[in-house]
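Number of protein chains: 2
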Amino acid sequence: MLETNVTERFDFDAYLSHRRKLLEHKLALYMDGGEPEVLWEAMRYSVLSGGKRLRALLTIAAAESIYPGCELAKAAPDLDCIEAVMPLAAAIEMIHAMSLIHDDLPCLDNDDLRRGKPTNHKVFGEAMALLAGDGLLMLASEVLIAKSDKHIKPANLLDVALGLSRATGPSGMVGGQVKDMQFTGSAEGNFDMATVESIHAGKTGALIRFALWAPARLLGASEKQCQSLARLGEIIGLAFQITDDLLDVTGDATTLGKTPGKDEASQKATWIRVFGVDGARKKLALMEAEGESLISENSLDNGSAPVLLSLLKYSINREK
Amino acid sequence: MLETNVTERFDFDAYLSHRRKLLEHKLALYMDGGEPEVLWEAMRYSVLSGGKRLRALLTIAAAESIYPGCELAKAAPDLDCIEAVMPLAAAIEMIHAMSLIHDDLPCLDNDDLRRGKPTNHKVFGEAMALLAGDGLLMLASEVLIAKSDKHIKPANLLDVALGLSRATGPSGMVGGQVKDMQFTGSAEGNFDMATVESIHAGKTGALIRFALWAPARLLGASEKQCQSLARLGEIIGLAFQITDDLLDVTGDATTLGKTPGKDEASQKATWIRVFGVDGARKKLALMEAEGESLISENSLDNGSAPVLLSLLKYSINREK
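Those protein sequences? They're chains A and B, same order as listed.
Per the numbering used here, the first sequence starts with residue 3, numbered consecutively.
Per the numbering used here, the second sequence starts with residue 3, numbered consecutively.
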C-alpha cells in the first residue's frame with residue numbers, strides 16, 4: 003500500500019517535463035553555431051526536433067539513483083549530478099537522432115516522415131543527411147569527452163567513451179540494424195525468439211542498456227550498482243521494443259503520430275510475430291515485474307521519487 | 003652533402019614495406035571474425051584492401067621520432083613504440099576507409115571503382131555500405147581505446163580520442179566533405195585560395211594533422227614536439243592534396259590506377275584552379291622547404307633514419 007501511495011504523490015509528469023527542459027537547453031547549447039552552416043542546420047534539425055528523450059531521461063534518472071553515494075559526490079560535493087551527466091545524456095540523444103537519420107534514408111527504410119515532420123533527407127537531400135549522420139556520430143563522442151566535468155576520473159570517462167562506441171558500433175546498434183535488414187521482408191515470416199531478441203538487443207537494446215549503465219560508471223558507482231542498472235537497461239530496452247511492436251498492431255494513428263501496421267506490411271521481425279498480441283502482453287507483464295524487483299532489491303529509487311520505476315512503467319504503458 | 007648521403011643510405015622502401023606489413027597484420031587481427039558476418043565482411047573489404055597507408059605510416063614515423071624521449075618510454079622502458087601506437091594507426095586507417103566508402107556512395111561521388119576494385123556499395127549494396135561506414139567510425143574509437151597499452155595515461159588517451167572525434171567530425175573531415183560538395187560543380191569556377199584551403203583543411207588535412215600529432219600526445223611527448231608534429235601534419239596534408247590535384251592533371255592513367263581529368267570534368271575546387279600547374283609546383287616546393295626546416299630544427303628525425311623527411315618527400319614526389 004505504501005508503495006502505491008508514494009508513487010501517486012510523485013509528480014512524474016512534472017519530473018519529465020523539468021528534466022527534458024534541462025536536456026533541450028544543453029543540446030541547443032552544445033550545437034549552437036558551427037560551420038559549414040548547412041551541416042549544423044541539418045544536424046540540429048534532427049536532434050532538436052523533440053521526441054520522447056527516453057534514453058536521456060534514463061541516464062539522468064540513473065545518475066540520480068546512485069547519487070550521493072558515488073565516488074564523484076565525495077570528490078566534488080558541490081557538483082550537481084544532473085549537470086554532471088548532461089554531456090553523456092546529450093551524446094546519447096545525438097547517437098539516437100543519427101540512427102534515425104540513416105534509417106530513414108532511401109537505401110534503408112525510405113521514410114518521408116518522422117515525428118510528423120519531413121525526414122532529414124527530404125529537407126536537406128540525401129548527401130547532406132548521410133553526412134549529418136556521420137557528423138553526429140563523432141560530435142557525440144566529442145561532446146561526451148570535451149564537455150564532461152573535470153572532476154570526473156579520466157579512467158571512468160574512457161570506460162564510458164569505449165562503452166558508447168561498443169553500444170553504437172558493429173556489435174551494437176549498427177549490427178542490430180544490419181540484422182533487422184537481413185530479416186525484414188523474409189517471406190516465410192518464421193522468426194524464432196532468438197533471432198528477434200538478437201536484432202533488438204543490438205538495434206535498440208544496446209543504447210538503452212548503455213544509457214543506464216554509463217552514468218553509474220561515469221560518476222563512480224559501485225560495480226554492483228553499475229551491473230544492476232545495466233540489467234535494468236536490458237529490461238527497459240526489451241519492454242520498450244515489445245511495446246513498440248504492440249502499438250504498431252493495436253495503436254491509433256492519431257495518438258501514435260504515425261501509421262500503424264507498417265511492421266506487418268514490410269514483414270519486419272517483430273515480437274508480435276513470435277508471441278502474438280496476448281503473448282507479447284504477458285511477456286511485458288513479466289518484464290515489468292522483474293524490473294520492479296530489481297529496483298526495489300537494489301534500492302535504486304528512493305521512496306519519495308520512484309523515478310526509475312515510473313520510467314519502467316512509462317516504457318510499457320505509453321500510448322505512443 | 004652529409005644530409006644527402008645519409009638519406010641515400012636509408013632504405014626507405016624497405017622501411018615502408020616493413021611498417022606496412024606490421025600494420026596490415028594488426029588491422030586483420032582487430033577485424034577478425036565478428037558478427038553479423040556480412041557487416042564485418044563489408045568493413046574488412048574496404049579496410050584490408052591495401053592503399054598507400056600514408057596516414058598510418060605517418061603515425062608510426064611520428065612515434066619513432068619522439069621515442070625514447072617521451073613519458074611512456076620512461077614509464078615502461080620495455081614497451082615497443084611502434085606496437086604502442088598500432089591501435090591508433092589502425093583507427094586512423096579505419097576512419098579513412100570509412101570516408102572513402104561514404105564518399106563513393108551514389109548520393110555523393112557515385113564511384114564504381116576504388117583502387118581498381120568495385121566500390122563497397124557495388125559489392126555489398128548501398129544499405130550495407132552505409133552501415134559498414136557507420137560501423138567503422140565507431141570501431142575506430144573502440145579499437146583506439148580498448149587496444150591501447152595499459153601503460154598509456156588515461157588522460158593522454160582521452161585527449162587523443164577527443165582529437166580523433168574532432169578531426170573526423172563536423173569541424174574536420176565531415177565538414178570538409180560538405181564544403182567540397184557545396185563548391186563542386188560551381189559553374190563559374192572561381193575559387194579563391196581561402197575556399198580551397200578550407201575544404202582541404204577539413205576533408206583531408208584534419209586527419210593527416212591528427213595522424214602526426216596524436217602519437218606524440220599519446221606517448222607523452224613535450225608540448226613543443228606535439229605542436230611541431232601537428233604543423234608538419236598540416237604541411238604534409240596540404241602538400242599531399244596539391245600533389246593529388248596535380249596528378250589528376252598531369253598523371254598517367256596506368257600508373258595512377260584511376261582516370262585522370264575527373265576533377266576538371268566534375269568542376270572540383272582544386273589547387274590547380276587556384277594556382278595553375280606551375281603555381282601548384284612552386285607552392286609544393288615551398289611546402290617541402292618548410293617541412294624540411296621544421297624536421298631539422300626540431301630534431302624530429304635522427305640522422306641515420308630520415309623517416310619523416312622521406313615521407314614528406316614521398317607525399318610530394320609520388321606518381322600515384
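Every residue gets a Cβ at the ideal spot worked out from N, C-alpha and C, and that includes glycine.
Just so we're clear, the structure is a prediction, and the values are computed from it rather than from any experiment.
Do the CB positions of residue i and residue j come within less than 8 Å of each other?
i	j	result
residue 1/A	residue 262/A	For chain A, the structure presents residues 3 to 322; residue 1/A sits outside this window and is missing.
residue 137/A	residue 171/B	yes
residue 29/B	residue 59/B	no
residue 72/A	residue 222/A	yes
residue 318/B	residue 286/B	yes
residue 103/A	residue 139/A	no
residue 279/A	residue 257/A	no
residue 61/B	residue 217/B	yes
residue 146/A	residue 123/A	no
residue 207/B	residue 231/B	no
residue 142/B	residue 178/B	no
residue 168/B	residue 144/A	yes
residue 150/A	residue 99/A	no
residue 19/A	residue 303/A	no
residue 307/B	residue 12/B	yes
residue 132/A	residue 84/A	no
residue 33/A	residue 22/A	no
residue 86/A	residue 63/A	no
Per DSSP, residue i is paired with what?
i	result
residue 115/B	120/B
residue 304/B	307/B
Closer than 7 Å by beta-carbon distance: list the chain A residues that pair up with residue i, in chain order.
i	result
residue 168/B	144
residue 335/B	As displayed, chain B neither begins before 3 nor continues past 322, which places residue 335/B out of reach and without an answer.
Anything in chain B within Cβ reach of residue i, meaning under 7 Å, just list it in chain order.
i	result
residue 109/A	128, 129, 132
residue 156/A	156, 157, 160
residue 181/A	38
residue 253/A	The premise fails here: residue 253/A is roughly 27 Å from chain B at the closest Cβ pair, so nothing lies under 7 Å.
Residue i versus chain E: which residues are under 7 Å apart at the beta carbon?
i	result
residue 171/A	Note that chain E does not occur in the displayed structure, where the protein chains are A and B.
By the criterion of Cβ-Cβ separation under 8 Å, what are the contact partners of residue i in chain B?
i	result
residue 94/A	Correct list: empty, because the minimum Cβ distance to chain B is about 14 Å.
residue 45/A	172
residue 176/A	41, 133, 136, 137, 140
Check the Cβ of residue i against every Cβ in chain A and list those closer than 8 Å, keeping chain order.
i	result
residue 163/B	143, 147, 160, 163
residue 184/B	38, 40
Quick one: list the residues of chain A neighbouring residue i, beta-carbon separation under 9 Å, in chain order.
i	result
residue 104/B	132, 133, 136
residue 227/B	In chain order: nothing, as chain A lies at least about 22 Å away.
So, does the region 73-81 of chain A touch the region 99-117 of chain B, judging by three or more C-beta pairs under 8 Å?
no
With a threshold of 8 Å, are at least 3 pairs of Cβ atoms found where one atom belongs to the region 155-174 of chain A and the other to the region 146-161 of chain B?
yes
Segment contact, 8 Å Cβ cut-off, at least three pairs: the region 167-182 of chain A with the region 28-46 of chain B:
yes
Would you call the region 208-222 of chain B in contact with the region 231-238 of chain B, where contact means no fewer than 3 C-beta pairs closer than 8 Å?
yes
Specify whether the region 55-69 of chain A and the region 309-318 of chain A touch according to this definition: at least 3 beta carbon pairs, one from each stretch, less than 8 Å apart.
yes
Mind listing, in chain order, the continuous beta strand (DSSP E) runs of no fewer than 3 residues lying wholly within the region 210-253 of chain B?
none
Check whether the region 84-97 of chain A and the region 116-136 of chain A touch, using three or more Cβ-Cβ pairs below 8 Å as the test.
no
Touching or not, the region 176-188 of chain A and the region 271-278 of chain A, by the rule of three or more beta carbon pairs under 8 Å?
yes
Whole runs of the alpha helix (DSSP H) within the region 22-75 of chain B, excluding any shorter than 4 residues:
39-49, 56-68
For the region 182-207 of chain A, list the alpha helix (DSSP H) runs that are entirely contained and at least 4 residues long, ordered along the chain.
195-202
What alpha helix (DSSP H) runs, 4 residues minimum, are completely inside the region 123-162 of chain B?
128-149
Give the list of continuous alpha helix (DSSP H) stretches no shorter than 4 residues that lie fully inside the region 257-294 of chain A.
264-267
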